[in-house]
Amino acid sequence: MRWCGDTSPPMAVSEAGAIGAPTLLVREHEDHTSWWDCDDESMFRVFHMFVGKYIRKTFSVTWSNLVKPLWLANDIWLQLQAYWASEGFQQESSKNKANREANPTASSTVYRGGSSSVGVHKRKLEAELGRPPKQMEVFERYYKKKEDGGWSGPRAAEVAETFQKLMEDHQPQPTADDGHSLAESEASVAITEQQMWLAAVGGKNKGRVFGIGSEAHFSSWTYTSPSPLPPPNPAQEDRIGSLEVMMASIGGQSQPTASSTAPAQPPIDPKPPNDDEIGGLD
1 MRWCGDTSPP MAVSEAGAIG APTLLVREHE DHTSWWDCDD ESMFRVFHMF VGKYIRKTFS
61 VTWSNLVKPL WLANDIWLQL QAYWASEGFQ QESSKNKANR EANPTASSTV YRGGSSSVGV
121 HKRKLEAELG RPPKQMEVFE RYYKKKEDGG WSGPRAAEVA ETFQKLMEDH QPQPTADDGH
181 SLAESEASVA ITEQQMWLAA VGGKNKGRVF GIGSEAHFSS WTYTSPSPLP PPNPAQEDRI
241 GSLEVMMASI GGQSQPTASS TAPAQPPIDP KPPNDDEIGG LD
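The opening position of the sequence shown corresponds to residue 1 in the UniProt record's numbering, with each subsequent residue numbered one higher.
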């Protein structure tokens, strides 16, 4: 196993992980696929995720149209038809349909980002703004209509309104007597943005986060109930101020003086008298 800084050519095939269908697909393309050993886990996770999404979408279309894909074996196709016609599948399908009809706002929001993923829009925005974009800026890019600037559905409008309200309620306000309040406020916004967004959308749903896309699989999006910022403690601030004054006075007392720090000068020998001076003494 080589480390990430190794300058030797990367391996074309990795032996890490169990051999499954997605892994075999990778190895079929080993002639033009390569990665470092240290990237095994990330590469297989990303590939399995996208292959899984493709397979789910393909089978969804196949079930809707009841047309066998060319790559699907006949015996598997017969098993799928029997499963779709089974009583258990029909009950589950009816229950899911009833849930969608009972909560129409959950499926009425249209993604308007085109074929580009959330990550692509985020990178484009970062290049345009010259800084990492905020979550709401990215959300507005692919859930707002370009025609009138309105939201593409009630679900998007509801999430945006809830998120903005949560951010306003938990935004620390800078004060005039605290020089670090503004910087601390910006840092607090960056830290709590994920937390506020998860609260606005209701947390994860089957491992997914509304408005985040596939990025939720790679970042630590966990939900915890937001708590208000603690009020300032005057007694603690007075104590800190007293300690600062005490430390300053101690530092002033221990400061060495110029006379004590000046290096000792060696004694200067008297200049010997010349011949004229000696003659004058006689």
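Glycine included, every Cβ here is placed at the ideal spot set by N, Cα and C.
Predicted model only: the values in this text are computed from it and were never measured.
Assign residue i to one of two classes, buried (16 or more other C-beta atoms within 10 Å of its C-beta) or exposed (fewer than that).
i    : result
R100 : exposed
I55  : exposed
S259 : Any answer about S259 is weak, because its pLDDT of 46 lies below 50 and its placement is not dependable; what the coordinates show is given next. Exposed, since its Cβ has fewer than 16 Cβ neighbours within 10 Å.
Helix, strand or coil: how does DSSP classify residue i here?
i    : result
R45  : helix
R141 : helix
W151 : strand
R208 : strand
R100 : helix
A73  : coil
V245 : helix
L129 : helix
W197 : helix
K57  : helix
K134 : coil
G88  : helix
Taking residue i as the reference, give the member of the options with the closest Cα.
i    : options                   : result
R155 : Q195, D40, A200 and D169  : A200
S93  : Y143, D39, K204 and S60   : S60
E137 : G52, W197 and D169        : W197
W63  : S116, Q90, M49 and G130   : Q90
K53  : I240, D238, R208 and V120 : R208
Y143 : A127, H121, E126 and R131 : H121
Taking 6 Å as the limit between beta carbons, can you name the residues of its chain near residue i, skipping five residues before and five after?
i    : result
F139 : G211
If I measure Cβ to Cβ from residue i and keep anything under 7 Å in the same chain, skipping five residues before and after, which residues do I get?
i    : result
A157 : W151
C4   : The predicted model places C4 with a pLDDT of 43, which falls under 50 and marks its position as unreliable; any figure quoted below should be read in that light. Only W36 and C38 meet the Cβ criterion.
With a threshold of 8 Å on Cβ separation, who are the neighbours of residue i within its own chain once the five nearest residues in sequence on each side are excluded?
i    : result
E193 : K134, Q135 and M167
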